[in-house]
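Protein chains in written order, with this note's numbering: chain V, 33 to 1007; chain B, 766 to 966. Beta carbons are placed, not taken as given, at the ideal position from N, Cα and C, and that holds for glycine. Quick caveat: nothing in here was measured; it's all calculated off a predicted structure.
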Amino acid sequence: MRLPPQHGEWIDRASVLPFRFEGQSFSGFAGDRISAALWAADERVLGRSFKYHRARGVLTLANHDINVMLQTSQAMNIRGDVEALVAGMDLHVVNTAGGVHSDRNRFMGLLARFLPVGFYYKAFHTKLLFPLWERVIRDFSGLGKLDVNKPALHTPKRYDFCDVLVIGAGVSGLQAALHAARLGAQVVVVDENARSGGSASYQLGADTSSLEALHQLQAAVAAQPLIRLLTDTVAAGYYADHWVALVDTQRMTKLRAKAVVVASGAFELPAVFRHNDIPGIMTGGAAQRLINRYAVRPMHTAVALVANSEGFTAVLDALRAGVKVAAVADMRSPVPACVARDAVCAAGVRVLDGWVIYEAHAGDSGRKLTGVTLARLMADGQADTSTQEPIACDGVIMSVSYAPASNLLYQAGTSMGWSDAVQQFVPAKLPAGIFACGRVNGVYDNAAKALDGQRAGMLAAAHCGFASLEEVPSVPEPLHCPSHPWPIVAHPQGKNFVDFDEDLQLKDFYNAAQEGYDNIELMKRYTTNGMGPSQGKHSNMTALRVLARITGKTPIEVGTTTARPFFHPVPISHLAGRGFTPERHTPMRALHTQAGAVWMAAGMWLRPEYYAVAGRSRMQCIREEAMNVRQGVGIIDVGTLGKLEVIGPQAAEFLERVYISRYANLAVGMTRYAVMCDESGVVIDDGVVARLGEQHFYFTTTTSGAATVYRELSRLNTMWRMDCGIVNHTGAFAGVNLAGPQARQLLATLTAADLDGSAFPYLGVRAIEVAGITARAMRVGFVGEWGYEIHVPSEHGAALWQALMQAGGHLGIRPFGVEAQRLLRLEKGHIIIGQDTDGLTVPREAGLGWAAKFDKPFFIGQRSLQAIAKQPQKQTLVGFTMDIPGMDASQDSHPDMPCESHLVIVDGEIRGRITSVAFSPALSKVIGMVYVTPALSAVGTPLPLRLTNGKMVHAQVVALPFYDATGARQKEASA
Amino acid sequence: MNTLTQAPQRASPFALAQHWSAQDTGPAAADLTLTDRSLQTARWGCKGPAAPQLLAQHGLPVPPEYNRYCELATGGLVARLGVTEFLIEADAATLVSLHDAAMPAGRVHGLYPVLRQDAALQLEGPALHTLLRQVCSVDLQARENPPDAVFLTTMVGVGVTLLWRGNALLLWADGTMGSYLWDTLAEVARDCGSLRMRPAP
């Protein structure tokens, strides 16, 4: 029932919001949470429990009522006590069969005896029954139904920064923010609620004048320009160096602070007694939030179960809201002096010291509370059943215990201790830059919280370098204990719930301990306590108390479970916010696209795989590109290669150390193939080294290896302190490879340089001009034809490409892609690092043994290769060919053609693995390279190959290369 | 630096971007303006222990610490990217003089010329800070940042060099990342308000 306007209420009565719930029409006000609006309309069953499908209502209204999960057509698992009401919402409860009021799955409660603790583990113990249980559990479990046809929600991520982050905008948090800002710190305050104030905004007692003090504090914060207050924002995770994930309704913000003040308060815990989950039974905080924030009377007639002064303020709030309070059972005896208690007694409410609720009673099939039975509490914590007294009521207010919201403190590495004075964990040793205040710090009194906040704020500001001349205040010792050490009542018939997420009863913990799971981490996993959507906010502390009693330990000896981020539910849409996946393109990208390039990823680069031609298949295009290189001239973009320079008097010596070959004797104007190994002798990269001057080398690396090689060489140079410097020019130079028997003729039309074979020999490097562009040209032959690799500054890459294409038009020039290049180099028997080598390949296995110069004083991997050289060789890379009858260049593939990674099988044993294979249009046969055991490496050896379908085909070892064995095509002009 | 800054066929690294245009697009008073500076200014780089001395010999100021920059009276700048690494934007004559002194590589002991083919960008506008908070994890506006600070960090996953010049942020990145950078920044910028994109003058 909605109350008349309450002082400080959060709703806007002028804005009426119609909505639907389970097919019925309702209305609420702007500012309502969904649960509050429903409760105001006297809806009592707002959800169903996960396991037994028990009716559930408002429990805490503190942003972790996980049994009230709702769904709209767009979103699922909307938390009723968190989400603001929006006009037009059409809400349904998740995890029901037939609706929340007549959920057909409520029969699960009758099967409780067959669902013991550790049910999942026991159910899956027999493998044969796994499929059955999997199907049954999948049918019953799950929260909400995902509609994959709904449009995706975009939630951009954001970064933010501040000096001091204050988590929690209650009295202590606001005071911390205010005092940190007064010292000059830039402060961000976050709070998960729609407004600041924390418990001071609803825990009023009869006297609403306390709100005035809060409003003054809020006004002071609002007037402080250095403070930003972010409401509806949860600090959901703490990461190293004061990175905190802030989650609001729209996005996730990654905030970096210099200091963090955790003022996150405490979770009010439900008492444990039989049927403590019936709708109408709620914490004191829930009742007070309903009354003071949303102007909703929580019940007509209440019984209160209290063990602290906060409980009596809740009773006073209830009385002010017109609730008839039939009785207050105070678990304590004797009871310490308390102003609120005196006020309750003065109001004529019957207060029973040393009494508890033994059990609650439900009507309407568990849908509503009809009354409770009180009993005297005995010294051992058990109820004296001989003193039972039933009382009719439709609501229960529980205020017996708190647990600090210390999840972020744990994540930050705080060492927690136990305080007997407040019966909770409190920070014992905080990491640098982390501060705590308020209830999470064990401070509950409002005046003390203000001082504690001031203390934390000043210390946080000082940590950021904002010193204060004021003395940091000290905080008085607690006046009362807010938590009962054993707010739990055993009952022979059970249904006294500890964890509402998973319907865990008190007996489940005793049974788990009896089965040997008497460690807090083991018990958590076996019982699944704290593993539901609330992550144990309302249950972990109670479970810990139970385990402490079972094992005879103190809470600090029992310890807590690990609090991992995120400790609060975070929508997946927030996690799947805009991501950044960088791409690299050479300057010729647009020209490739115009030419029909089909793109492939090569690390971060996008490269043309081949150039599509209308009416041709992919393989036809690739083979035609390759044949064009063999018969005319082709051009490929090689700008993705790593391009490094080493300059200085010791440049040659540096290269001698990092590559396995020799470069000190490389003549200026010449290039040499280069193989790089790691310390274990494994081949990790290759390229070409060009000597541009006595102290100046320009060298390439593989496309994928550029960054790694540059980093490693920089590291080595720093370590060795050699007199040379390394420059990474990978992105600064564009590169093309012009290849084919007509390459020289084409290039000659664009340069005045002497391209005669004697003036510019094979493996030579020259600085020339091509189409007016200064270039570095290298006579290399990766694809086995006369060719030039031409490198120019990137800004001229496109112009160079266009000039070559235009000049080569009458020669039939065509661009060729990565696949054609792979085919051409295979014909020539050249390996590709990473394809024809793996993480264990040493040079001699890949046919690169000739490159290792062991007479050098040192090179990376030398000692390992020397040791390996003394061992028998395990495998060697050889060429093979296959004649597949009926296969020719017109066919894309053939069923009998092997693929990369197909195995050589001899006598049922693996004896080899194919690394490269293709149909060669130049040779009209299948060719490939394969690692085989040395016994199979002789030319002419038959190789049995097993195809994917198991069929065996046969190839034959041949000498490499397959094409132009004498290299005549690259020396033709000078011959 | 090379002799090609006058060559007619130069192309901006951003020109490959889908959202790049050779025309000035968007309102003049946009919330965000992206200006392509890649070809607008002559640029040269060098590294090595002799680099500070070379700059000083050519009358250029040397920032006293790394990650700082100095303005040139002619409108250019010298940014110190590391202990001995520099990026210089200046008039062509100054850079040609530097280049000629440094080349061929190895001639000056301890000096290693760096070919700068950057994607260079200027970002400005009232929504700039909103944009930065979505694309960069470094607090570029922290109070303790010196006004002549140079930031070497990442933006939308790309390694960038950044510095403030007045209310505008200057950015340099590997040219091969240019199209991705432009398109991604433009996409995020459109979420932040109106966008003006200016190609190199």
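Environment of residue i [buried if 16+ CB atoms lie within 10 Å]
i      : result
V:Q907 : buried
V:L143 : exposed
V:D44  : exposed
V:K983 : exposed
V:I110 : buried
V:P601 : buried
V:N127 : buried
B:T926 : buried
B:H894 : exposed
V:C425 : buried
V:G237 : buried
V:R167 : exposed
Residue i at chain V interface by Cβ criterion, 8 Å
i      : result
B:V848 : no
B:H894 : no
B:Q774 : yes
B:T949 : yes
B:N767 : Legend: pLDDT at B:N767 = 40, less than 50; position of this residue unreliable, no value from coordinates given.
B:R963 : no
B:P828 : no
B:L800 : Looking at the sequence itself, residue 800 of chain B is Thr, so the reference to Leu does not match. No, because no Cβ of chain V sits closer than 8 Å to the Cβ of B:T800.
B:L880 : yes
B:P792 : no
B:Y877 : yes
B:G940 : yes
Neighbour flag for residue i against chain B, beta carbons, 8 Å
i      : result
V:E688 : no
V:V759 : yes
V:A696 : no
V:A499 : no
V:G269 : no
Extent of the continuous beta strand (DSSP E) run through residue i
i      : result
V:F193 : 190 to 199
V:R723 : 715 to 725
V:I669 : Here the sequence assigns Asp to residue 669 of chain V, which means Ile is not the residue at that position. Per DSSP, V:D669 belongs to the beta strand (DSSP E) from 666 to 669.
B:C835 : 833 to 836
C-beta atoms of residue i and residue j nearer than 8 Å
i      : j      : result
V:P519 : V:A209 : no
V:Q103 : V:K177 : yes
V:L975 : V:G944 : yes
V:S14  : V:P614 : Since the first and last residues shown for chain V are 33 and 1007, residue 14 of chain V lies out of range.
V:F765 : V:K675 : yes
V:A319 : V:A346 : yes
B:L819 : B:L960 : no
V:A684 : V:Y691 : no
B:L905 : B:L897 : yes
V:A699 : V:R662 : no
V:D928 : V:I937 : no
Limits of the unbroken alpha helix (DSSP H) element including residue i
i      : result
V:G772 : Looking at the DSSP string, V:G772 is not in any alpha helix (DSSP H), and its letter there is neither H nor E.
V:Q443 : 439 to 443
V:A209 : 203 to 214
Residues of the segment 183 to 201 of chain V whose Cβ lies closer than 8 Å to any Cβ of chain B, in chain order: Flagged, chain order: P188, K189, R190, Y191, D192, F193.
Using a Cβ-Cβ cutoff of 7 Å, what residues of the segment 618 to 629 of chain V are near chain B? List them in chain order. Answer set for the segment 618 to 629 of chain V: T618, P619, R621, A622.
Between the segment 822 to 837 of chain V and chain B, which residues of the former have a C-beta closer than 7 Å to a C-beta of the latter? Hits within the stretch, in order: P825, S826, E827, H828, A830, A831.
Contacting positions in the segment 598 to 617 of chain V - beta carbon closer than 9 Å to chain B: Going along the segment 598 to 617 of chain V in chain order, one finds R610, G611, F612, T613, P614, E615, R616, H617 with a Cβ nearer than 9 Å to chain B.
With 9 Å as the C-beta to C-beta threshold (strictly closer), list the residues of the segment 855 to 874 of chain B near chain V in chain order. Flagged, chain order: P869, A870, G871, R872, H874.
Chain-ordered residues of the segment 284 to 309 of chain V with a beta carbon less than 9 Å from chain B: Correct list: T285, K286, R288.
Could you list the residues in the segment 708 to 739 of chain V with a C-beta less than 8 Å from some C-beta on chain B, going in chain order? Here the close residues are L724, G725, E726, Q727, H728.
Which of the residues in the segment 381 to 397 of chain V, read from start to end, lie with their CB under 9 Å from any CB of chain B? When CB distances to chain B are screened at a threshold of 9 Å, not a single residue of the segment 381 to 397 of chain V falls below it.
Taking Cβ-Cβ distances below 8 Å as the criterion, which residues of the segment 670 to 681 of chain V are in contact with chain B? The segment 670 to 681 of chain V vs chain B, Cβ under 8 Å: G671, E677, I679, G680, P681.
Taking a cut of 8 Å between CB atoms, which residues from the segment 907 to 929 of chain B lie near chain V? For the segment 907 to 929 of chain B, the set of residues with a beta-carbon nearer than 8 Å to any beta-carbon of chain V comprises A907, R908, V921, G922, V923, in chain order.
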